[in-house]
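For reference, the structure is listed below as structure tokens.
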Amino acid sequence: NAGVTQTPKFRVLKTGQSMTLLCAQDMNHEYMYWYRQDPGMGLRLIHYSVGEGTTAKGEVPDGYNVSRLKKQNFLLGLESAAPSQTSVYFCASSPRLAGVHRGRSEQYFGPGTRLTVT
Amino acid sequence: EDQVTQSPEALRLQEGESSSLNCSYTVSGLRGLFWYRQDPGKGPEFLFTLYSAGEEKEKERLKATLTKKESFLHITAPKPEDSATYLCAVRGSTLGRLYFGRGTQLTVWP
Chain A
1 NAGVTQTPKF RVLKTGQSMT LLCAQDMNHE YMYWYRQDPG MGLRLIHYSV GEGTTAKGEV
61 PDGYNVSRLK KQNFLLGLES AAPSQTSVYF CASSPRLAGV HRGRSEQYFG PGTRLTVT
Chain B
119 EDQVTQSPEA LRLQEGESSS LNCSYTVSGL RGLFWYRQDP GKGPEFLFTL YSAGEEKEKE
179 RLKATLTKKE SFLHITAPKP EDSATYLCAV RGSTLGRLYF GRGTQLTVWP
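As given, the protein sequences belong to chains A and B, one line each in that order.
FYI, in this note's numbering the residues of the first sequence are 1 to 118.
FYI, in this note's numbering the residues of the second sequence are 119 to 228.
Written out as structure tokens, the structure reads:
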């Protein structure tokens with residue numbers, strides 16, 4: 001049981017380039033999330049998904065797109081990378097949705113992708 | 119606006135020296151408070167969920183408590199392997215969104 005995995009682990013992009021970060025989970029969780037973590041700031045939610053084919057905006061969605069074509073995968077895309085998107089990106093999944101379901105709504109995180117945009 | 123503030127930002131303890139980390143929150147109707155541990159270069163690892171004031175959870179040397187305005191993570195007789203950044207998050211009024219604090223970086227030296 002691998003839990004939540006992320007690909008790639010590291011990436012360096014030039015301004016204007018595009019890329020896709022892949023997140024996979026093998027826990028059959030319905031809910032998946034993308035966060036970014038910057039020094040001196042808490043984790044901030046970019047987008048999330050409440051099920052296959054359904055996504056929603058989080059706190060900082062601008063400059064990112066997501067897709068959830070399969071239940072186990074959640075993709076984060078950067079169409080035109082900017083230096084402000086230099087960050088560590090974490091994917092997470094949960095069996096239930098906090099605030100809607102009581103219990104088992106904790107999120108399980110992947111190991112992260114460290115992205116540098118020059 | 120939903121907010122989470124953690125204190126102190128950093129804490130150094132000698133092995134065996136018990137202490138507490140604080141998480142103060144402002145949310146419109148708390149729907150869950152979560153504690154995570156994060157080691158350098160890794161993703162956050164889930165520790166506890168608390169839902170109601172007065173609730174407590176324990177795991178080994180860690181105990182989390184919750185009041186209407188704050189949560190404490192008590193560390194009893196810590197060991198060097200407890201060194202990590204501890205994150206607090208709350209689920210407030212916005213569906214699907216957890217608000218994370220900046221974390222407390224704990225260092226336990228032998």
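We put the beta carbon where it would ideally sit given N, CA and C, even for glycine.
When rounded, the separation of the alpha-carbon atoms in B:Val-226 and B:Pro-158 is 15 Å. Using a CB distance cut-off of 8 Å, A:Ser-105 counts as an interface residue toward chain B. The three-state secondary structure of B:Ser-211, taken from DSSP, is coil. By the Cβ neighbour-count rule, B:Gln-121 is exposed, with fewer than 16 other Cβ atoms within 10 Å of its own. Straight through space, the alpha carbons of A:Gly-53 and A:Tyr-89 are spaced by roughly 21 Å. Between B:Gly-210 and B:Val-145 the beta-carbon gap is near 3 Å, inside 8 Å, which marks them as a contact. Residues of the stretch 150–178 of chain B that bring their beta carbon within less than 7 Å of a beta carbon in chain A comprise Gly-150, Phe-152, Lys-160, Gly-161, Pro-162, Phe-164, Thr-167, Tyr-169, in sequence order. Around the Cβ of B:Gln-132, a 10 Å sphere holds fewer than 16 other Cβ atoms; the residue is exposed. Distance from the Cα of B:Ala-195 is smallest, within the candidate group B:Lys-181, B:Leu-168, B:Pro-126, for B:Lys-181.
The beta carbons of B:Leu-151 and B:Phe-190 sit about 11 Å from each other, so the pair does not count as a contact at 8 Å. Between the stretch 24–32 of chain A and the stretch 72–79 of chain A, the count of Cβ pairs shorter than 8 Å is three or higher; the stretches touch.
B:Lys-186 has its alpha-carbon roughly 28 Å from the corresponding atom of A:Ile-46. Along the stretch 166–216 of chain B, the beta strand (DSSP E) occurs as fully enclosed runs of 3 or more residues at 174–177, 180–184, 188–193, 202–209, listed in sequence order. Among the residues of chain B, those whose CB is under 7 Å from the CB of A:Met-41 are Arg-220, following chain order. Under a 10 Å Cβ-count criterion, B:Phe-166 is classified as buried, with 16 or more other Cβ atoms of the shown protein chains found around its own Cβ. Taking the Cα of B:Gln-124 as reference, the smallest distance to any Cα among B:Pro-228, B:Glu-188, B:Ser-201, B:Ser-137 is reached at B:Glu-188. Taking the beta carbon of A:Pro-111 as reference, the chain B residues within 9 Å of it are Gly-159, Lys-160, Gly-161, listed in sequence order.
If you compare the alpha carbons of B:Tyr-143, B:Leu-184, B:Glu-178, B:Arg-155 with that of B:Leu-168, the shortest gap goes to B:Leu-184. Taken in chain order, no unbroken stretch of alpha helix (DSSP H) lies wholly in the stretch 1–55 of chain A with a span of 4 residues or more.
Within the same chain, Gln-156, Gly-221, Gln-223 come within 6 Å of B:Thr-203 by CB-CB distance, once the 5 residues on both sides are set aside. For A:Ser-87 against A:Arg-36, the beta-carbon gap comes to about 4 Å, under 8 Å, which counts as contact. Nearest CB-CB separation between B:Leu-216 and chain A: below the 8 Å threshold.
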